[in-house]
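Per my numbering, the very first residue in the sequence shown carries number 7; after that it's consecutive. The beta carbon of each residue, even a glycine, is placed where N, CA and C say it ideally should be. Since we're looking at a predicted model, the values are computed, not measured. Before any comments, here is the structure.
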Amino acid sequence: MAKSPASRPSAAKPRPSRTAAEQRGSGDELQQQAGGDHPVMTTQLGIPIADNQNSLRGTPRGPTLLEDFILREKITHFDHERIPERIVHARGTAAHGHFELTESLAKYTTARVLTEVGVKTPVFTRFSTVAGGAGSVDTPRDVRGFAVKLYTQEGNWDIVGNNIPVFFIQDAMKFPDLVHAVKMEPDRGYPQAGSAHDTFWDFVSLMPETLHMVMWAMSDRTIPRSLRTMEGFGVHSFRLINAKGQSTFVKFHWRPRLGIQSTVWDEAVKLQAADNDFHRRDLFEAIEAGNYPEWDFAVQLFTEDDAAKFPFDHLDPTKLIPEELVPLRTIGRMVLDRWPDNFFAETEQVAYCPANVPPGIDFSNDPLLQGRLFSYLDTQLSRLGGPNFAQIPVNAPQCPFHNMQRDGHMQMGIPKGRVNYEPSSLQGDTPCASQAQGFRHFAEPADEGAKGRVRPESFADHYSQARMFFRSQSELEQSHIASALVFELSKVATEHVRTAVVGHLQHVDSALAQRVADGLGMEAMPPKPPAAVKPQDLPLSPALRIIDRMLPTLQGRCVGLLVDDGSSAKSVAALRKAVEKAGATVKIVAPKVGGVVLDDGSRLPADGQLAGTPSTVFDAVASILAPAMGQKLAREAAAVDWFRDAFGHLKAIAACQGTRAILQAGGVEPDAGVLDPKDTKAFIAAAQTRQWDREPKVRTLA
Ligand code: HDD
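Laid out in structure tokens, this is it:
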């Protein structure tokens with residue numbers, strides 16, 4: 007422990023003082039070390055700094071002086087480096103890119119972004135988890151935010167959506183309750199970033215409108231493999247308004263060109279330990295490598311008359327419109343091709359708001375949307391510190407903008423002239439509103455009925471679409487949902503909450519309720535709660551599945567290749583070539599990050615060290631090991647887990663003879679998805695998908 011100056015022997019003579027630069031090296035010396043042509047460091051106000059290592063001392067061993075304005079400025083700024091994190095969607099990651107329209111919707115809207123084919127509109131897209139704090143992990147079971155800011159020529163358009171097309175609640179009035187229930191419990195401060203706890207399921211059990219989205223939340227949609235393989239949904243019905251002032255309802259969809267890909271639950275759990283930043287690293291690496299993720303942009307268009315025939319109310323955000331009922335029309339694409347320069351300045355400070363729409367797009371009366379139109383601007387005022395947050399570069403429009411809004415905290419502009427009001431006759435160039443170009447609200451005829459705090463009767467059916475969603479899933483996906491329900495409810499300590507949820511599940515699907523009851527070890531089936539509306543058997547929607555719709559491709563994915571000293575250089579090169587040809591990357595994993603010496607004497611550096619690079623981070627794994635190394639690694643838990651987990655997570659494995667000892671140690675009985683790395687063709691084919699047939703052999707599903 008360092009001695010404090012006071013405890014030093016008083017007899018000790020102070021050493022002659024050296025200047026700060028002599029003690030730690032001056033800025034000039036450091037500059038020389040780093041090379042390059044560095045600008046002189048200054049304070050915020052431009053005063054050049056001579057020493058950035060030492061504070062100003064009264065004497066060499068004496069007190070620090072209050073006079074040290076450089077120290078005070080630096081520490082003060084540091085003390086204020088954080089802003090309040092978002093109350094929801096705090097953990098996120100974002101990228102720049104563009105949107106390009108491929109089909110004009112001029113018949114339906116005047117919005118130029120939806121009518122000018124071929125124009126590239128810049129976008130900034132932020133993905134997020136919902137429940138966890140900014141420092142939580144990337145891969146919990148959670149809904150993902152999918153927020154796109156399009157910098158159109160008529161102002162910013164924000165599509166603030168999720169990767170699920172429905173929402174938990176019908177009315178914004180319940181949003182604070184929902185969020186309080188799902189976030190960490192207020193007395194104990196946990197769990198972080200997860201819904202598997204009493205308060206969330208208590209809320210669910212008392213609010214049956216949540217049941218449809220609960221089915222989605224328990225599906226594999228909430229454990230995505232990559233942000234690049236997620237769908238995005240605008241959720242609510244919006245309106246498109248054409249030149250004649252006519253309205254058409256619209257739902258917005260983003261469809262990943264790489265197809266949808268999810269993890270299996272055990273993999274998601276282990277990913278939380280393997281890499282907190284799994285999703286943001288994946289997005290960063292893909293963009294850095296030039297594998298720019300792309301999404302098709304599609305719309306569902308329907309009229310008021312169409313909507314009247316739907317067996318649900320489209321203004322209820324707990325309902326979706328099956329694409330079998332209203333097909334999707336692909337009209338554009340989004341490409342993300344540029345990583346932000348600075349996380350705080352852009353990803354943290356970006357402010358989305360569903361109320362940001364250009365002329366030609368308008369809102370529906372969805373009561374959840376109506377509440378959101380207020381909430382986002384309001385939250386930014388405190389999160390970003392005042393009314394001028396639209397001046398932050400990532401939030402500023404990229405088209406001309408003029409108004410009479412002035413002053414306020416952190417005003418960055420210097421408005422000129424005498425006139426800051428409208429109308430005015432004193433200046434010729436002041437901005438004026440324009441009937442021709444300006445935003446016009448749809449002249450919606452008024453509904454019948456009296457004012458009141460009411461839920462329309464058309465919102466009363468809470469179970470039919472939950473049932474439709476569940477029954478539309480493949481057998482395996484249904485098992486995943488049942489197992490997820492068992493997992494989550496097993497974490498609920500309050501028995502009556504578990505019972506109540508299983509009661510509701512009977513309205514969704516009685517076999518599902520039975521599976522969950524069995525999985526929870528319930529002795530008897532709990533009573534069914536009364537349902538306001540008898541659940542209907544709606545036509546099934548196979549389009550809602552994901553396993554069947556995964557794209558058999560290796561494009562954009564990553565194969566882990568385990569090697570050790572003596573691995574065959576030829577086999578490593580052949581495998582790498584085949585994987586790269588299939589559009590994926592290979593990452594070399596070895597016992598030491600410095601790499602290995604291959605059998606031809608060449609050195610192969612590793613991308614990851616075995617213990618710190620588990621197979622969970624790869625889409626498929628391969629190993630090329632000399633038999634002696636295989637024997638050695640068979641005694642290494644990290645190597646055994648590498649294969650056992652890859653097998654359990656239904657991944658293709660290319661395992662050479664040398665690896666068989668490790669597989670044996672892990673109790674892995676090779677199946678059709680365990681291949682010889684020399685048979686690169688068979689390995690690529692298997693690696694393009696998961697080995698779903700294997701699942702019943704490796705775990706018991708509910
Ligand atoms: Fe919200 C953030 C998506 C309902 C209030 N929301 C936020 C973000 C996304 C969504 C993606 C993160 C944006 C970003 O990356 O900065 N929210 C949704 C969706 C909803 C929804 C798809 C239902 C369809 N939200 C919703 C309601 C309310 C809010 C009903 C309040 C009445 N949401 C907020 C918020 C946040 C937010 C508190 C937190 C940070 C922020 O806005 O900027 O205002």
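> Among G103, Q417, P146 and G251, which residue has its Cα nearest to the Cα of P451?
Replying inline: Here residue 451 corresponds to residue number 445 of the sequence shown, with the count starting at 1. Out of G103, Q417, P146 and G251, G251 has the C-alpha closest to the C-alpha of P451.
> Hey, how far is the Cα of V188 from the Cα of A199?
Replying inline: Stepping through the sequence shown from its first residue, residue 188 is reached at position 182. Stepping through the sequence shown from its first residue, residue 199 is reached at position 193. Each residue's Cα considered, the two are about 8 Å apart.
>> So Q695 and M556 are supposed to be a Cβ contact under 8 Å. How far apart are they, rounded?
In response: Start at 1 with the first residue of the sequence shown, and residue 695 comes out as number 689. Start at 1 with the first residue of the sequence shown, and residue 556 comes out as number 550. Going by the sequence as given, residue 695 is Thr instead of Gln. 6 Å between Cβ atoms; contact.
> Hey, is L656's beta-carbon within less than 8 Å of any beta-carbon in chain B?
Replying inline: Absent from the structure: chain B. Only one protein chain is present.
> Beta carbon of V241: closer than 7 Å to some heavy atom of ligand 1?
Replying inline: Position 235 of the sequence shown, counting from 1, holds the residue named residue 241. Yes, Cβ of V241 sits closer than 7 Å to a heavy atom of ligand 1.
>> Going by C-alpha to C-alpha distance, which of P45, G614 and H655 sits closest to D625?
In response: Locating residue 625 in the sequence shown gives position 619, counting from the first residue. Considering only alpha carbons, the answer is H655.
> Is it a yes or a no for the stretch 414-429 touching the stretch 387-394, going by three-plus beta-carbon pairs under 8 Å?
Replying inline: A contact exists between the stretch 414-429 and the stretch 387-394.
> Counting pairs of Cβ atoms below 8 Å between the stretch 310-330 and the stretch 265-284, do you hit three or more?
Replying inline: By the criterion of at least three beta-carbon pairs nearer than 8 Å, the stretch 310-330 is not in contact with the stretch 265-284.
>> For a test of your reading of the model: does the CB of Y358 fall under 7 Å from any non-hydrogen atom of ligand 1? Yes or no.
In response: In the sequence shown, residue 358 corresponds to position 352, counting from 1. True, at least one ligand heavy atom lies under 7 Å from that Cβ.
> Residues bridged to V503 by DSSP?
Replying inline: For the purposes of this step, residue 503 is identified with residue 497 of the sequence shown, where counting begins at 1. DSSP, once it has assigned bridges, lists no residue as partnering V503.
>> Suppose you measure from the CA of R563 to the CA of H203; what does that come to, to the nearest Å?
In response: Sequence index remark: in the sequence shown, residue 563 carries index 557 (1-based). Sequence index remark: in the sequence shown, residue 203 carries index 197 (1-based). Each residue's alpha carbon lies about 34 Å from the other.
> Could you give the distance in angstroms between the alpha-carbon of P558 and the alpha-carbon of Q484?
Replying inline: Walking along the sequence shown from the start, residue 558 turns up at place 552. Walking along the sequence shown from the start, residue 484 turns up at place 478. Taken atom to atom, the span from the alpha-carbon of P558 to that of Q484 is near 21 Å.
>> Can you tell me whether T706 is buried or exposed? The criterion is at least 16 other CB atoms within 10 Å of its CB, across all chains shown.
In response: As a working mapping, residue 706 is identified with position 700 in the sequence shown. For T706, the number of other beta carbons within 10 angstroms of its own is below 16, and it is reported as exposed.
> Contact check, F133 vs R150 under 8 Å by CB: the rounded distance?
Replying inline: Residue numbering aside, residue 133 sits at position 127 when the sequence shown is read from its first letter. Residue numbering aside, residue 150 sits at position 144 when the sequence shown is read from its first letter. Sure, about 6 Å apart at Cβ, within 8 Å.
> Apart from the five residues just before and just after A27, which ones in its own chain have a Cβ nearer than 7 Å to its Cβ?
Replying inline: Working through the sequence shown from its first residue, we reach residue 27 at position 21. Confidence at A27 is low in this model, with a pLDDT of 47, below 50, so its placement is unreliable and the value that follows should be read with caution. By the criterion of a C-beta distance shorter than 7 Å, A27 is surrounded in its chain by D57, once the five residues flanking it on both sides are discounted.
> Should Y114 be labelled buried (16 or more other beta-carbon atoms within 10 Å of its own) or exposed?
Replying inline: Within the sequence shown, the letter at position 108 stands for residue 114. By the Cβ neighbour-count rule, Y114 is buried, with 16 or more other Cβ atoms within 10 Å of its own.
>> Suppose the cutoff is 7 Å on Cβ atoms and the five residues either side in sequence are ignored; what does the same chain contact list for G31 look like?
In response: Residue numbering aside, residue 31 sits at position 25 when the sequence shown is read from its first letter. Residue placement at G31 is poorly supported in this model, since its pLDDT is 48, which falls under 50; the coordinates are not used for a value here.
> Less than 7 Å between the CB of Y157 and some heavy atom of ligand 1, yes or no?
Replying inline: Counting from 1 along the sequence shown, the entry for residue 157 is found at position 151. Not under cutoff, so the answer is no.
> Looking only at its own chain, which residues have a Cβ that is under 7 Å from the Cβ of E79, when we skip the five neighbours before and after it?
Replying inline: Sequence index remark: in the sequence shown, residue 79 carries index 73 (1-based). Result list for E79: T49 and Q50, in chain order.
>> For G161 and A402, what's the separation of their Cα atoms in angstroms?
In response: Start at 1 with the first residue of the sequence shown, and residue 161 comes out as number 155. Start at 1 with the first residue of the sequence shown, and residue 402 comes out as number 396. In a straight line, the C-alpha of G161 is about 9 Å away from that of A402.
> Bridge partners of A661, per DSSP?
Replying inline: Against the sequence shown, residue 661 aligns to sequence position 655. Residue pairing by DSSP places A661 opposite S629 in a beta bridge.
> Just the Cα atoms here: how many angstroms apart are H104 and E122?
Replying inline: As a first step, residue 104 is located in the sequence shown; it is residue number 98 there, counting from the start. As a first step, residue 122 is located in the sequence shown; it is residue number 116 there, counting from the start. Here the alpha carbons of E122 and H104 stand approximately 14 Å from one another.
> Would you call the CB atoms of P360 and A117 closer than 8 Å?
Replying inline: To locate residue 360, count along the sequence shown from 1; it is residue 354. To locate residue 117, count along the sequence shown from 1; it is residue 111. No, the Cβ-Cβ distance between P360 and A117 is not below 8 Å.
> Got a sec, what are the start and stop residues for the beta strand (DSSP E) P128 sits in?
Replying inline: Start at 1 with the first residue of the sequence shown, and residue 128 comes out as number 122. Residue range K126 to T135 is occupied by the beta strand (DSSP E) that includes P128.
> Got a sec? Which residues, its chain only, sit under 7 Å from P603 by beta carbon, not counting five neighbours each side?
Replying inline: The residue you call residue 603 lines up with position 597 of the sequence shown. It should be noted that the sequence gives Val, not Pro, for residue 603. Excluding residues within five positions, the ones whose Cβ falls inside 7 Å are D571 and R609.
> Taking the continuous alpha helix (DSSP H) assigned at I420, which residues delimit it?
Replying inline: Within the sequence shown, residue 420 is the residue found at index 414, counting from 1. Element bounds for I420: n/a, residue is neither H nor E.
>> Need the endpoints of the alpha helix (DSSP H) that F206 sits in, please.
In response: As a first step, residue 206 must be located in the sequence shown, where it is residue number 200. Where F206 is concerned, the enclosing alpha helix (DSSP H) starts and stops at D204 to L212.
>> Could you compute how far the alpha carbon of Y196 sits from the alpha carbon of V129?
In response: Taking the sequence shown and counting its residues from 1, the one referred to as residue 196 is at position 190. Taking the sequence shown and counting its residues from 1, the one referred to as residue 129 is at position 123. Near 35 Å, if we compare the C-alpha coordinates of V129 and Y196.
>> Residues in the same chain with beta-carbon distance under 6 Å from L491, minus the five sequence neighbours each way, listed in chain order, please.
In response: Here the question's residue 491 lines up with position 485 in the sequence shown. For L491, where only same-chain residues beyond five positions count, the Cβ hits under 6 Å are M224 and V522.
> Excluding sequence positions up to five away, which residues of its chain have a Cβ less than 8 Å from the Cβ of A692?
Replying inline: Your numbering for residue 692 matches position 686 in the sequence shown. Within the same chain, A626, A658, A678, G679 and L681 come within 8 Å of A692 by CB-CB distance, once the 5 residues on both sides are set aside.
>> Using only the alpha-carbon positions, how far apart do T131 and W271 sit?
In response: Indexing the sequence shown from 1 puts residue 131 at position 125. Indexing the sequence shown from 1 puts residue 271 at position 265. Taking the Cα positions, T131 is about 26 Å away from W271.
> Expressed to the nearest angstrom, what Euclidean distance is found between the alpha-carbon atoms of S253 and V514?
Replying inline: Along the sequence shown, one-based indexing puts residue 253 at 247. Along the sequence shown, one-based indexing puts residue 514 at 508. So the two alpha carbons sit approximately 35 Å from each other.
> Would a C-beta distance cut-off of 8 Å place G664 and L616 closer than the cut-off?
Replying inline: In the sequence shown, counting from the first residue as 1, residue 664 sits at position 658. In the sequence shown, counting from the first residue as 1, residue 616 sits at position 610. No, these two residues do not count as a Cβ contact at 8 Å.
>> List, from N- to C-terminal side, the alpha helix (DSSP H) runs of 4 residues or more that fit wholly inside the stretch 403-483.
In response: DSSP runs (the alpha helix (DSSP H)) wholly in the stretch 403-483: 470-478.
> Going by the C-beta, is R378 closer than 7 Å to any heavy atom of ligand 1?
Replying inline: The residue you call residue 378 lines up with position 372 of the sequence shown. In this structure, ligand 1 has a non-hydrogen atom nearer than 7 Å to the beta-carbon of R378.
>> Please classify G296 as buried or exposed, where buried requires at least 16 other C-beta atoms within 10 Å of its C-beta.
In response: Numbered from 1 along the sequence shown, position 290 holds the residue referred to as residue 296. That one is exposed.
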